[in-house]
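A.B. asks:
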Amino acid sequence: MRGHDWINSMLPDELILEIFRDLDSKSSRDACSLVCRRWLALERLSRDTIRIGASGSPDALVNLLARRFVNVSNVYIDERLSISLPVDFGRRRSASQSALSWLRLHIVSERSESGTSELDSYCLSDAGLAAVADGFTKLEKLSLIWCSNATSAGLRSVAEKCRSLKSLDLQGCYVGDQGLGAIGECCKQLEVLNLRFCEGLTDAGLAELALGCGKTLKSLGVAACAKISDVSLEAVGSYCRSLETLSLDSEFIHNKGVLAVAEGCPRLKNLNLQCINVTDEALSAVGILCASLESLALYSFQRFSDKSLCAIGKGCKKLRSLMLSDCYFLSDKGLEAVAAGCSELARLEVNGCHNIGTYGLESIGRSCTRLTELALLYCQKVGDEALSEVGKGCKYLQALHLVDCSVIGDDAICSIAIGCKSLKKLHIRRCYEVGSKGIIAVGENCKYLTDLSIRFCDRVNNEALVTVGNGCPLLRHLNVSGCHQIGDAGITAIARGCPQLTYLDVSVLHNLRDIALAEVGDGCPLLKDIVLSHCRQITDIGLAHLVKRCKLLESCHMVLLPRCDCSWCCHCHIELCQYEESSDREVKDIKCIRKTRGLHGNIQLPFGIEDRNRFKAAFVDRDEG
Numbered sequence: 001m002r003g004h005d006w007i008n009s010m011l012p013d014e015l016i017l018e019i020f021r022d023l024d025s026k027s028s029r030d031a032c033s034l035v036c037r038r039w040l041a042l043e044r045l046s047r048d049t050i051r052i053g054a055s056g057s058p059d060a061l062v063n064l065l066a067r068r069f070v071n072v073s074n075v076y077i078d079e080r081l082s083i084s085l086p087v088d089f090g091r092r093r094s095a096s097q098s099a100l101s102w103l104r105l106h107i108v109s110e111r112s113e114s115g116t117s118e119l120d121s122y123c124l125s126d127a128g129l130a131a132v133a134d135g136f137t138k139l140e141k142l143s144l145i146w147c148s149n150a151t152s153a154g155l156r157s158v159a160e161k162c163r164s165l166k167s168l169d170l171q172g173c174y175v176g177d178q179g180l181g182a183i184g185e186c187c188k189q190l191e192v193l194n195l196r197f198c199e200g201l202t203d204a205g206l207a208e209l210a211l212g213c214g215k216t217l218k219s220l221g222v223a224a225c226a227k228i229s230d231v232s233l234e235a236v237g238s239y240c241r242s243l244e245t246l247s248l249d250s251e252f253i254h255n256k257g258v259l260a261v262a263e264g265c266p267r268l269k270n271l272n273l274q275c276i277n278v279t280d281e282a283l284s285a286v287g288i289l290c291a292s293l294e295s296l297a298l299y300s301f302q303r304f305s306d307k308s309l310c311a312i313g314k315g316c317k318k319l320r321s322l323m324l325s326d327c328y329f330l331s332d333k334g335l336e337a338v339a340a341g342c343s344e345l346a347r348l349e350v351n352g353c354h355n356i357g358t359y360g361l362e363s364i365g366r367s368c369t370r371l372t373e374l375a376l377l378y379c380q381k382v383g384d385e386a387l388s389e390v391g392k393g394c395k396y397l398q399a400l401h402l403v404d405c406s407v408i409g410d411d412a413i414c415s416i417a418i419g420c421k422s423l424k425k426l427h428i429r430r431c432y433e434v435g436s437k438g439i440i441a442v443g444e445n446c447k448y449l450t451d452l453s454i455r456f457c458d459r460v461n462n463e464a465l466v467t468v469g470n471g472c473p474l475l476r477h478l479n480v481s482g483c484h485q486i487g488d489a490g491i492t493a494i495a496r497g498c499p500q501l502t503y504l505d506v507s508v509l510h511n512l513r514d515i516a517l518a519e520v521g522d523g524c525p526l527l528k529d530i531v532l533s534h535c536r537q538i539t540d541i542g543l544a545h546l547v548k549r550c551k552l553l554e555s556c557h558m559v560l561l562p563r564c565d566c567s568w569c570c571h572c573h574i575e576l577c578q579y580e581e582s583s584d585r586e587v588k589d590i591k592c593i594r595k596t597r598g599l600h601g602n603i604q605l606p607f608g609i610e611d612r613n614r615f616k617a618a619f620v621d622r623d624e625g
């Protein structure tokens, strides 16, 4: 019967809530909430996470959100994000108008009564934290990012009223020891604590928290906190026997602190260190005492040698992930020890370790047969033989990242393609010896490939992309930026053979023309993001066809397209345009919201001052009348 609501009359609330929980994106949930008032109310009940930016008055916004979303357990407040209040366009429902008007009125009255400065009104205060504590009674995870007006008093409010808190992330907050101590006193279920750029915290506060939450704390991160030293880590080692993850980025941490954790935290699984004053002594102790270690990341160490890695290889048999960045004194000997002792290794990243070369990687290929991800960045001594060994021994490899590896060429890529047929992600940047031969081998052998990036590999031509288009139908992300030999034929093959493509970067392809964009528009209906900067042959005709066909397009990045005058925008219904002028060139950043097809994001277009006025008006889609 016409007008009868079959869905709402048949489906119970519980089933609709379950459907909302299965939606994978916020935009999908928002769209469903607009179906009717019942769905809007149910969607609000199903929300468990909210994110708040610098909204003009976050204190008032928290109050409003707490009343609307009563089941929220995860609150993320980041005052680096700029989130403006919505502008009234067209007709709005009276309920929305009243809520928005209330918030604006509350902001004005709050400022006038309190006498706070304009700057302070844009920052979450202790009153806002108190509102978080009062409104979100089911709070389990709280992140405060650069909330500079929040103090210990506000954090105490949260501690006293949100005793089920399990995760706390403080970055750039001037919270003192009293606030952290209150968390330790009240939040006995706390499992995760991250402290970054917290200048007001000292060893006393962290030690008090370790004493109070020691039985439950599983993850601790400390970075750029100048007053936190080895004393805090000694307390962690004494009280936090269940600690599994430790991340340290500090010049004030020495061997003593790391040794205390290694001795007192036998369940430690993940260790990330960027501490210039930690030496072989501490890391050797980790190898001896932390048999459960599964992930190790070492950054910018000038005082580590192969002795440390030998200890890790000998004692940490469960190690699955190893990341070495700018550790100049590590060599092939250390990596060989890891390969011999850590046969479960699944992920390896070597970044800027100039003494690690072909022999060390050959050892990994022979011994670590379960390797699934390998990243080599700025490894000038690693040659084709290393990846040939990986191709022979690591058949489960799914991701390979190569950046500025000047010796690696086509033979290495061919070996990977032939031996690692499960490869899903291949990223190559500025490896100038890699050409079409290697990429052709990938297209012929890696049918599960979903992500291919070959940036500034100027020996790769159209033939390579034709092979990829024919052999990799699951490809979703493609970046061929700076590959000057690629043109219409290559991109056309991708468009015809890869219908699931959602991201495409063809910037700095000087030979690319409109016909290729037309093919992309016809063959890739799922495309969401495209980068076209410095494509000198592209005109408005190609852009118009692309936008018309790719109805899911969200962002289009364009800089220095001399043959475009933006007339393609006449095919869009643009509700709002805002301008940000570049200081050094004639480029405008236009933030567009498309009503009919959802195009929103940053669109960078080159045009003169005389074209500004016509972008201030709304354009009506010609095809839709």
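Oh and the sequence shown: position 88 is 88 in UniProt numbering, straight run, nothing missing.
Virtual Cβ for every residue (Gly too), placed ideally from N, Cα, C.
1) Using the Cα positions of G154 and L211, report the straight-line distance between them to the nearest angstrom.
2) Which residue from Q274, L289, N277 and N255 puts its Cα closest to that of R267?
3) I need the boundaries of the beta strand (DSSP E) containing I145, first residue and last residue.
4) Inspect the beta-carbon positions of N8 and R38 and report whether they are closer than 8 Å.
5) Could you tell me which residues DSSP pairs with C556 in its beta bridges?
6) For K425, name the three-state secondary structure that DSSP assigns.
7) According to the Cβ coordinates, are L193 and L233 closer than 8 Å?
8) Among residues of its own chain, excluding the 5 on either side of G334, which ones have a beta-carbon nearer than 6 Å to its beta-carbon?
9) On the criterion of 16 or more Cβ atoms from any shown chain inside 10 Å, does H510 qualify as buried, or is it exposed?
10) Taking only the alpha-carbon atoms, compute the straight-line gap between I494 and L129 and give it to the nearest angstrom.
11) In its own chain, which residues sit with a C-beta less than 6 Å from the C-beta of C225, not counting the 5 before and 5 after it?
12) What's the C-alpha gap between K218 and N461?
13) Which term fits S25, buried or exposed, when burial requires 16 or more other beta carbons within 10 angstroms of its beta carbon?
14) Could you compute how far the alpha carbon of R459 sits from the alpha carbon of S28?
15) What residue range does the beta strand (DSSP E) around N270 cover?
16) My output table needs one value for V468: the three-state DSSP class, helix, strand or coil.
17) If you draw a straight line from the C-alpha of G176 to the C-alpha of L65, how long is it?
18) With respect to the alpha helix (DSSP H) encompassing T492, which residues constitute its N-terminal and C-terminal limits?
19) Roughly how many angstroms lie between the CA atoms of A41 and S33, to the nearest whole one?
20) Following the continuous beta strand (DSSP E) through A226, name the residue where it begins and the one where it ends.
21) Confirm, please, whether the CB-CB distance from S453 to S415 is below 8 Å.
22) Within a Cβ cutoff of 7 Å, which residues of the same chain sit near A489, ignoring the five residues on either side of it in sequence?
23) Output the residue ranges of the beta strand (DSSP E) runs that lie fully inside the UniProt domain "F-box" (11-41) and measure 3 residues or longer, sorted by chain position.
24) Which class does A291 belong to by DSSP, given the choice of helix, strand or coil?
25) So what does DSSP say about H545, is it helix, strand or coil?
26) Can you name, in chain order, every residue of its own chain whose Cβ lies under 7 Å from the Cβ of G419, other than the five neighbours on each side?
27) Identify, in the order they occur along the chain, each residue of the same chain with its Cβ nearer than 7 Å to the Cβ of Q398, setting aside the five sequence neighbours on each side.
28) Could you give the distance in angstroms between the alpha-carbon of I440 and the alpha-carbon of V382?
29) Sort out for me which residues DSSP pairs I52 with in a bridge.
30) Rounded C-beta distance between C187 and C147? I'm assuming under 8 Å.
31) Could you tell me the distance, in whole angstroms, from the CA atom of G360 to the CA atom of S229?
32) Buried or exposed for K269, going by 16 or more other Cβ atoms inside 10 Å?
33) With which residues is Y299 paired in a DSSP beta bridge?
34) Alpha carbon to alpha carbon, how far is M10 from T49?
35) In the DSSP assignment, what are the bridge partners of N194?
C.D. replies: Once the coordinates are examined:
1) 21 Å
2) L289
3) K141 to I145
4) yes
5) I530
6) strand
7) no
8) D306 and L309
9) exposed
10) 51 Å
11) L195, C198 and L201
12) 50 Å
13) exposed
14) 42 Å
15) N270 to Q274
16) helix
17) 27 Å
18) D488 to G497
19) 8 Å
20) Note, A226: premise wrong, no beta strand (DSSP E); not H, not E.
21) no
22) N462 and V466
23) none
24) coil
25) helix
26) G391, K392 and K395
27) T372, E373, S422, L423, K424 and K425
28) 22 Å
29) I77
30) Actually they do not touch by this definition, with Cβ atoms about 18 Å apart.
31) 35 Å
32) buried
33) S325
34) 29 Å
35) D169 and G221
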